[in-house]
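Accompanying notes for the structure given below.
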Amino acid sequence: MNKKIKTPSVDFLFEAILSLKTPEECYIFFEDICTINELLSLSQRFEVAKMLREHKTYLEIAEKTGASTATISRVNRSLNYGNDGYDMVFKRILNLEEPQKEDA
10 MNKKIKTPSV
20 DFLFEAILSL
30 KTPEECYIFF
40 EDICTINELL
50 SLSQRFEVAK
60 MLREHKTYLE
70 IAEKTGASTA
80 TISRVNRSLN
90 YGNDGYDMVF
100 KRILNLEEPQ
110 KEDA
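My numbering runs 9 ahead of the 1-based position in the sequence shown.
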């Protein structure tokens, strides 16, 4: 964890985010706390990460998301050399999307 971002203010922000229970609550909160461009940039990076994990090319990603090659490269660097945060979240999302197996 980067000690530069570990502050009481960031802890308080994360506590607030963790208190959100529905997508609607997320929209309400994030529309208040972020500009439209900030929120779209975050969602674009997340989409870029998803596409990189799917082995899409930079050209395919840029065309679909509108992300610059610099942004795609930065996300790719985080996927390869970061704290595995993207992987942690993608695994959880995929687990939620998998059908529950019934005991035989």
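Quick reminder that beta carbons are idealized off the backbone N, C-alpha and C, glycines included.
Collapsed DSSP secondary structure at residue i in the structure displayed
i, result
"residue 31", "coil"
"residue 79", "helix"
"residue 97", "helix"
"residue 16", "coil"
"residue 63", "coil"
"residue 74", "helix"
"residue 11", "coil"
"residue 46", "helix"
Alpha-carbon spacing of residue i relative to residue j, whole angstroms
i, j, result
"residue 14", "residue 94", "15 Å"
"residue 30", "residue 51", "20 Å"
"residue 63", "residue 72", "15 Å"
"residue 39", "residue 49", "11 Å"
From the options, residue whose alpha carbon lies closest to that of residue i
i, options, result
"residue 54", "101, 12, 77 and 17", "77"
"residue 86", "61, 97, 100 and 104", "61"
Own chain, CB closer than 7 Å to residue i, minus 5 neighbours either side, in chain order
i, result
"residue 57", "70, 74, 76, 80, 81 and 84"
Spatial neighbours of residue i in its chain, beta-carbon cut-off 8 Å, leaving aside the 5 residues before and after
i, result
"residue 24", "none"
"residue 46", "none"
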